[in-house]
Amino acid sequence: MRNKKRKIQFWVAAGISMVLSCILLSLSSSWAGANRAAPSTEELHADIQTLKQEAARFEEENRGLRRILADQEDGELYVVVDTESNRLTLRQGDTIVHTAACGTGSHQFIEAETGTNWFFETPIGSFTVLGKERNPVWIRPDWSYVEENMPVPLLRDPDRLVRGVLGKYALLLGNGYKIHGTKWTKLLGTHFTHGCVSLGDDDLEIVYKSVKIGTKVYLF
Amino acid sequence: MRNAEFVGAKTGMNRIAVYLILLLSFFLLGADKSGPDRGEQAALKAERRSLHARIERLQREQDYLLFQKMMYENDSKYLILDIKKKTGHLKYKNRVLKDFRFQTSKNFPGRSLRPGMLTLTEKIEGKKDRHALVFEKSFVVRWKRSAVPREKANIPSLSLARKDLLSVYFAVEDGALAYVIR
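So the protein sequences, as listed, match chains A and B.
If you're matching positions, the first sequence starts at 1 in our numbering and goes up one per residue.
If you're matching positions, the second sequence starts at 1001 in our numbering and goes up one per residue.
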């Protein structure tokens, strides 16, 4: 009886040892396998060398690209007019030098009895300051007479020359468009002009004195 | 009799001991690396990881520089959106036309949105200036009262002030590009 009990004890112990052996065997083989998959020190050194070369190549290329981009930064002042927000900004690079409320085209439409019509819109695009005027004289265009239901005079009629309405300064952008002063200062920040960009006296003076002929003007 | 039982049990114990020794030797087969070698390997692996991270950073920088170079040569306006600073710039070539700030919606994928280029796929013209700009399936640029169609309501959004949105909306055209940085 006692012999049988000891035999059972022996087989139970043997069974437990077999189970344990299986667990340990699987653990040891997986650990060995993991070590086999891991790169050797030499392989790591080679990897690092390749990665260093790749990083150096990227750094060199990025330096070149930064140089190309920097060459295009002229550091010049430029004028931006946001025709939606009615704001003029004088910028140099990413820096805002001056900003002011301005007036832009009213988006109004008028038509003369002759059928000629006008839509008062500020043009969009890249412009250049083509000229600078002090005490500019306004040469009244035809629409100004049509708007006030007045007969349109001849082109050279001296009645067309009006002083003082454009402020002290004007910057000429081409096709008759200008950045100039206005007597309607309360309307600055709204769409009220016939297409030109108008500014208050103080802001106009700052802009006029900051820019030169050739300065870029971006209207958007 | 008792002696025989004792001998039998002893033999059994011996067998177990042999098994355990054999197993231990199997286990130790895998532990063929010495301590200092493992330390060097760990250091090399750390260096390799940091190099991978550096290359990824340089690649991202190059992607942005190439985008800028392309846009400097291009004739269309584009947006630069800094998600981390919540600021944006409307640009034309190398000129900044407008700076603006924005808020991100609660469902905005702050971390998962990868830096890079996106295309303006749709301009939604809403009533009473409630316009919106859709950039692929990534996000919508809008102001808080923009009329965004129901099917696009769940797309994350960047909210701008009304005036800023109108300026940007009318400045960019379909197909315009935006670059997301963080």
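For glycine and all other residues, C-beta sits at the position ideal for the given N, C-alpha and C.
Reference residue i; option with closest CA among the options
i, options, result
"R1182 of chain B", "B:L1165, B:L1081 and B:L1044", "B:L1081"
"S198 of chain A", "A:L188, A:R140 and A:P153", "A:L188"
"S141 of chain A", "A:T128, A:Y177 and A:Y169", "Here residue 141 of chain A is Pro; the residue named in the question, Ser, does not match the sequence. The shortest Cα separation from P141 of chain A among A:T128, A:Y177 and A:Y169 belongs to A:Y177."
"F120 of chain A", "A:Q108, A:T128 and A:G93", "A:Q108"
"T182 of chain A", "A:D202, A:V80 and A:G174", "A:D202"
"V966 of chain B", "A:S85, A:W118, A:G200 and A:N135", "A query on residue 966 of chain B cannot be resolved here, the shown segment of chain B reaching from 1001 to 1182 and no further."
"K1127 of chain B", "B:S1112, B:K1084 and B:P1149", "B:P1149"
"K1086 of chain B", "B:S1105, B:R1060, B:K1137 and B:L1097", "B:S1105"
"F192 of chain A", "A:G15, A:P151, A:I96 and A:S106", "A:S106"
"Y221 of chain A", "A:V19, A:H98 and A:E111", "A question about residue 221 of chain A goes unanswered here, because the residues of chain A that appear run from 1 up to 220."
"K1152 of chain B", "B:D1174, B:W1143, B:P1109 and B:F1139", "B:F1139"
"D1097 of chain B", "A:T128, A:G103, A:Q9 and A:T83", "The question names Asp, but residue 1097 of chain B is Leu in the sequence shown. Minimum Cα distance to L1097 of chain B is reached at A:T83."
"L1165 of chain B", "B:G1175, B:T1119, B:H1089 and B:E1136", "B:H1089"
"P101 of chain A", "A:A38, A:V81, A:G93 and A:P158", "In the sequence on display, residue 101 of chain A carries Ala and not Pro. Of A:A38, A:V81, A:G93 and A:P158, the residue nearest in Cα terms is A:V81."
"W118 of chain A", "A:K4, A:G15 and A:H194", "A:H194"
"T95 of chain A", "A:A112, A:E113, A:A38 and A:E76", "A:E76"
"Y208 of chain A", "A:L171, A:T185 and A:T190", "A:L171"
"V1180 of chain B", "B:L1079, B:V1134, B:R1145 and B:R1048", "B:L1079"
"I1155 of chain B", "B:A1171, B:S1146, B:K1137 and B:A1046", "B:K1137"
"D1129 of chain B", "B:F1102, B:R1145 and B:N1094", "B:R1145"
"F215 of chain A", "A:C196, A:S126 and A:A112", "With the sequence shown as reference, residue 215 of chain A is identified as Thr, and Phe is not the correct amino acid for it. Taking only the C-alpha atoms, the option nearest T215 of chain A is A:S126."
"F1108 of chain B", "B:E1125, B:G1116, B:K1084 and B:A1147", "B:K1084"
"F1100 of chain B", "B:R1060, B:L1120 and B:W1143", "B:W1143"
"D159 of chain A", "A:E61, A:V137 and A:I179", "A:V137"
"N135 of chain A", "A:T116, A:T114, A:T41 and A:V162", "A:V162"
"T128 of chain A", "A:E113, A:I179, A:Q53 and A:T116", "A:I179"
"V165 of chain A", "A:G200, A:T41, A:N175 and A:W143", "A:G200"
"S144 of chain A", "A:A112, A:I8, A:E133 and A:K186", "A:A112"
8 Å contact criterion, which residue i and residue j should meet: CB distance rounded
i, j, result
"I206 of chain A", "L130 of chain A", "Not confirmed; about 20 Å, so no contact."
"L219 of chain A", "Y169 of chain A", "In fact, because the Cβ distance is near 18 Å, the residues do not count as touching under 8 Å."
"A1178 of chain B", "L1113 of chain B", "That belief does not hold up - the Cβ atoms of A1178 of chain B and L1113 of chain B are roughly 12 Å apart, past 8 Å."
"I48 of chain A", "L1058 of chain B", "Contact flag wrong, Cβ pair sits at about 16 Å."
"L1065 of chain B", "R66 of chain A", "6 Å"
"L173 of chain A", "V211 of chain A", "Contact doesn't hold; Cβ gap of about 11 Å is too wide."
"D1174 of chain B", "K1123 of chain B", "6 Å"
"E147 of chain A", "I124 of chain A", "Not really, about 23 Å apart at Cβ, beyond 8 Å."
"T104 of chain A", "T122 of chain A", "4 Å"
"K1077 of chain B", "V1141 of chain B", "The pair is not a contact, with the Cβ atoms about 14 Å apart (cut-off 8 Å)."
"L20 of chain A", "H1052 of chain B", "Not really, about 41 Å apart at Cβ, beyond 8 Å."
"E61 of chain A", "Q1062 of chain B", "6 Å"
Chain B contact residues for residue i, given Cβ-Cβ distances below 8 Å
i, result
"F192 of chain A", "Here the premise fails: no neighbours, minimum Cβ distance about 17 Å."
"L171 of chain A", "The contacting residues do not exist; L171 of chain A stays about 18 Å from chain B at best."
"A101 of chain A", "Ordered by position in chain B, no residue passes the 8 Å Cβ test against A101 of chain A, which lies about 12 Å from the chain."
"H107 of chain A", "Chain B residues near H107 of chain A: none, gap ~12 Å exceeds 8 Å."
"Y78 of chain A", "R1095"
"L188 of chain A", "Neighbours of L188 of chain A on chain B: none; closest Cβ ~15 Å, over 8 Å."
"L154 of chain A", "Neighbours of L154 of chain A on chain B: none; closest Cβ ~39 Å, over 8 Å."
"L166 of chain A", "Here the premise fails: no neighbours, minimum Cβ distance about 26 Å."
"R66 of chain A", "L1065"
Chain A residues whose Cβ lies nearer than 9 Å to that of residue i
i, result
"A1171 of chain B", "D82, E84, I124 and F220"
Listed by chain order, chain B residues near residue i by CB distance under 7 Å
i, result
"K52 of chain A", "L1051"
"E60 of chain A", "What E60 of chain A touches in chain B: nothing, since even the nearest Cβ is about 10 Å away."
"I48 of chain A", "L1044, E1047, R1048 and L1051"
"E73 of chain A", "N1094"
"L88 of chain A", "In chain order: nothing, as chain B lies at least about 12 Å away."
"H98 of chain A", "Ordered by position in chain B, no residue passes the 7 Å Cβ test against H98 of chain A, which lies about 14 Å from the chain."
Beta-carbon neighbours of residue i, restricted to chain A and to distances below 8 Å
i, result
"S1167 of chain B", "D82, E84, S85 and F220"
"K1077 of chain B", "F220"
"Y1179 of chain B", "Under the 8 Å cutoff, chain A gives no residues; its nearest Cβ is about 14 Å from Y1179 of chain B."
"K1163 of chain B", "E84 and S85"
Contacts of residue i in chain B (Cβ-Cβ under 9 Å)
i, result
"T41 of chain A", "D1037, E1040, Q1041 and L1044"
"A55 of chain A", "L1051, R1054, I1055 and L1058"
"Q92 of chain A", "Those do not exist, as Q92 of chain A stays about 10 Å from chain B at its closest Cβ, beyond 9 Å."
"R163 of chain A", "The premise fails here: R163 of chain A is roughly 34 Å from chain B at the closest Cβ pair, so nothing lies under 9 Å."
"L69 of chain A", "L1065, Q1068, K1069, Y1072 and N1094"
Within chain A, the residues that residue i reaches when beta carbons sit closer than 7 Å
i, result
"K1084 of chain B", "Residues of chain A passing the Cβ test: none, with the nearest at roughly 17 Å."
"K1098 of chain B", "D82"
"E1061 of chain B", "N62"
* To do: Within the stretch 143 to 196 of chain A, note down every full beta strand (DSSP E) run reaching 3 residues or more, in order along the chain.
  => Counting whole runs of 3 or more residues, the stretch 143 to 196 of chain A contains the beta strand (DSSP E) stretches 161 to 163, 169 to 174, 177 to 181 and 191 to 193.
* So, do the stretch 1150 to 1167 of chain B and the stretch 1068 to 1077 of chain B have three or more beta carbon pairs nearer to each other than 8 Å? -> Judged by Cβ distances under 8 Å, the stretch 1150 to 1167 of chain B makes no contact with the stretch 1068 to 1077 of chain B, as fewer than three pairs qualify.
* If you scan the stretch 86 to 134 of chain A from start to end, which runs of the beta strand (DSSP E) of 3 or more residues do you find wholly inside it? -> Correct list: 87 to 92, 95 to 101, 109 to 111, 117 to 119, 125 to 128 and 131 to 134.
* Inter-stretch contact (C-beta, 8 Å, three-pair minimum) for the stretch 151 to 164 of chain A and the stretch 56 to 73 of chain A -> Not touching, per the Cβ criterion.
* **Runs of beta strand (DSSP E) wholly within the stretch 1124 to 1171 of chain B (minimum 3 residues, chain order)** => Runs of beta strand (DSSP E) with 3 or more residues, each lying fully within the stretch 1124 to 1171 of chain B, are found at 1132 to 1135, 1139 to 1142 and 1157 to 1160, listed in chain order.
* Counting only runs that start and end within the stretch 1032 to 1090 of chain B, where is the alpha helix (DSSP H) found for 4 or more residues in a row? -> Whole alpha helix (DSSP H) segments, 4+ residues: 1035 to 1073.
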